[in-house]
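Asks: This is the structure I want to talk about, given as C-alpha cells.
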Amino acid sequence: MTPDTETTSTDKRSDRTRAAILRAARERFAAQGYERTTIRAVAADADIDPSMVMRYFGNKAQLFDTALAIDLRLPDLTTVPPHELAQTLVRHFLDRWEGDPADDALLVLLRSAVTNEHAAARMHEIFAAQIAPALAAALGPELAAHRAGLVSSQLLGLGLTRYLLRLPAVTALTRDEIENGLAPAIKATLESSHVPLREVGDAAG
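Sequential numbering of the sequence shown, starting at 0, is according to numbering that gives the first Met the number 0.
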C-alpha cells in the first residue's frame with residue numbers, strides 16, 4: 000500500500016467515524032435534550048471510545064453546535080412582493096417543520112433551547128445570522144435590523160406552541176388557518192415602522 004493509499008484510507012475511516020458520532024449525537028439530543036445527553040452515551044451509541052468524541056469535537060457544546068448546524072433554507076425574499084413576505088415566511092417554516100419528519104434538527108434545537116442557555120444562544124445565532132440578512136435583502140438593512148428579532152420570536156413561538164408544548168388550540172389548526180392567523184401579525188411587525196412595506200417596495204424599484 001502506497002502512502003497516498005494509506006492517507007486516503009485513513010481519511011475515509013475518519014469521515015465514517017465523524018459521521019457515526021454526529022448521527023448518534025443527533026439521536027441522543029433529540030431523545031434526551033442537551034442537559035441529559037452525555038459524551039459517554041453518544042460514544043456508546045456510535046460504538047467508539049469516548050475519547051474519540053473528544054478528539055473530533057472537543058466537548059459537548061461543540062458537538063451540539065456541529066450536530067445541529069442548521070440551514071433554515073430561507074427563500075430569496077427579494078423575489079417576493081412586499082405584501083406577501085409574511086405569508087411566505089410562515090409557509091416556509093411550516094414546510095420545514097412538517098414537510099420532512101426526518102428533518103427535525105430545528106425542533107431538537109428549539110427543545111433544548113427552552114432549558115439550556117447554550118442551546119438558546121445557538122438558536123439566537125442561527126436566526127440572527129439567517130433571518131436578518133434575508134429580510135435585509137428585501138427591506139434594506141436598517142428596517143430589517145429593527146424587525147428581524149420580533150419576526151424570529153413570532154416564528155419560534157409557532158414552533159414552541161405547535162410542536163413542543165403541543166397546545167390543543169394551536170395543534171388543532173390547519174396549515175391554512177395558521178397562515179391566515181399568523182401572517183397578518185407578522186405583516187404588522189414588518190410594517191411597524193413609519194415606512195409601510197409598499198413604500199419600501201416602491202423605493203427599491
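Every residue gets a Cβ at the ideal spot worked out from N, C-alpha and C, and that includes glycine.
Model, not experiment: these values are computed from the prediction.
(1) With a CB to CB cut of under 7 Å and the five nearest residues on each side skipped, what residues in its chain are close to V52?
(2) Would you please state the rounded distance, in angstroms, between the beta carbons of A144 and L73? I believe it to be under 8 Å.
(3) Pick out whichever of A18, R95, R27, F28 has its Cα sitting closest to the Cα of R174.
(4) From which residue to which residue does the alpha helix (DSSP H) around A179 run?
(5) Assuming I69 contacts L105 (C-beta within less than 8 Å), just tell me the rounded distance between them.
(6) Using a Cβ-Cβ cut-off of 7 Å (strictly less than) and excluding sequence neighbours within five positions of Q86, which residues of its own chain qualify?
(7) When the Cα atoms are used, what is the spatial distance from D48 to Q31?
(8) Along the chain, where does the alpha helix (DSSP H) containing T37 start, and where does it finish?
(9) Would you tell me roughly how many angstroms separate the C-alpha atoms of R27 and H82, rounded to the nearest one?
(10) On a CA-only basis, which of Y55, E34, S50, A29 is nearest R15? Give me that one, please.
(11) Below 8 Å between beta carbons: does that hold for L138 and L88?
(12) Which stretch, first to last residue, makes up the alpha helix (DSSP H) that contains G156?
(13) Do Y33 and S111 have their CB atoms nearer than 8 Å?
(14) On a Cα-Cα basis, can you pick out the residue from R17, A60, R22, A45 that is closest to R35?
(15) Excluding the 5 residues preceding and the 5 following L149 in the sequence, name in chain order all residues of the same chain whose CB lies nearer than 8 Å to its CB.
(16) Count the other C-beta atoms from every protein chain shown that fall within 10 angstroms of the C-beta of L196, then say buried if there are 16 or more, exposed otherwise.
(17) For V169, which residues of its own chain have a beta-carbon under 6 Å away from its beta-carbon, when the five flanking residues on both sides are left out?
(18) Just tell me which of T77, V113, A45 has its CA closest to the CA of L163.
(19) Run through DSSP, which three-state label would T87 get?
(20) Express the C-alpha separation of Q129 and E176 in angstroms, rounding to a whole number.
Replies: So, to answer that:
(1) By 1-based counting over the sequence shown, the position of residue 52 is 53. Answer for V52: I20, I38, V41, A42, L62, listed in chain order.
(2) Indexing the sequence shown from 1 puts residue 144 at position 145. Indexing the sequence shown from 1 puts residue 73 at position 74. 17 Å between Cβ atoms; not a contact.
(3) Numbered from 1 along the sequence shown, position 175 holds the residue referred to as residue 174. Closest option to R174, Cα to Cα, is R95.
(4) The residue labelled residue 179 in the question sits at position 180 within the sequence shown. The amino acid at residue 179 is misidentified as Ala; the sequence shows Asn. Unbroken alpha helix (DSSP H) run through N179: 174–189.
(5) Here the question's residue 69 lines up with position 70 in the sequence shown. Here the question's residue 105 lines up with position 106 in the sequence shown. The pair is a contact, with the Cβ atoms about 6 Å apart (cut-off 8 Å).
(6) Residue 86 sits at position 87 when you count from the first residue of the sequence shown. So the list reads E178, A182, once near-sequence residues are dropped.
(7) By one-based count along the sequence shown, residue 48 stands at place 49. By one-based count along the sequence shown, residue 31 stands at place 32. Roughly 20 Å separates the two Cα atoms.
(8) Counting from one through the sequence shown, the residue named residue 37 turns up at place 38. T37 -> no alpha helix (DSSP H), and no H or E assigned at all.
(9) Residue mapping note: residue 27 aligns to position 28 of the sequence shown, counting from 1. Residue mapping note: residue 82 aligns to position 83 of the sequence shown, counting from 1. One C-alpha to the other measures close to 41 Å.
(10) By one-based count along the sequence shown, residue 15 stands at place 16. Nearest option by C-alpha distance: Y55.
(11) For the purposes of this step, residue 138 is taken as residue 139 along the sequence shown, with counting starting at 1. For the purposes of this step, residue 88 is taken as residue 89 along the sequence shown, with counting starting at 1. Not closer than 8 Å, so no.
(12) Counting from one through the sequence shown, the residue named residue 156 turns up at place 157. Segment 140–158, the alpha helix (DSSP H) holding G156.
(13) By 1-based counting over the sequence shown, the position of residue 33 is 34. By 1-based counting over the sequence shown, the position of residue 111 is 112. Contact: yes.
(14) For the purposes of this step, residue 35 is taken as residue 36 along the sequence shown, with counting starting at 1. Here the closest residue by C-alpha is A60.
(15) On the sequence shown, residue 149 is found 150 positions in, with the first residue counted as 1. Result list for L149: T188, S191, in chain order.
(16) The residue given as residue 196 occupies position 197 in the sequence shown. Confidence at L196 is low in this model, with a pLDDT of 47, below 50, so its placement is unreliable and the value that follows should be read with caution. Its Cβ being crowded by 16 or more others within 10 Å, L196 is buried.
(17) Taking the first residue of the sequence shown as 1, we reach residue 169 at position 170. Only T160, R161 meet the Cβ criterion.
(18) The count along the sequence shown starts at 1 and reaches residue 163 at position 164. Of T77, V113, A45, the residue nearest in Cα terms is V113.
(19) The sequence position of residue 87 within the sequence shown is 88, counting from 1. In this structure, T87 counts as helix in the three-state DSSP scheme.
(20) Position 177 of the sequence shown, counting from 1, holds the residue named residue 176. Position 130 of the sequence shown, counting from 1, holds the residue named residue 129. Distance between the alpha carbons of E176 and Q129 is about 26 Å.
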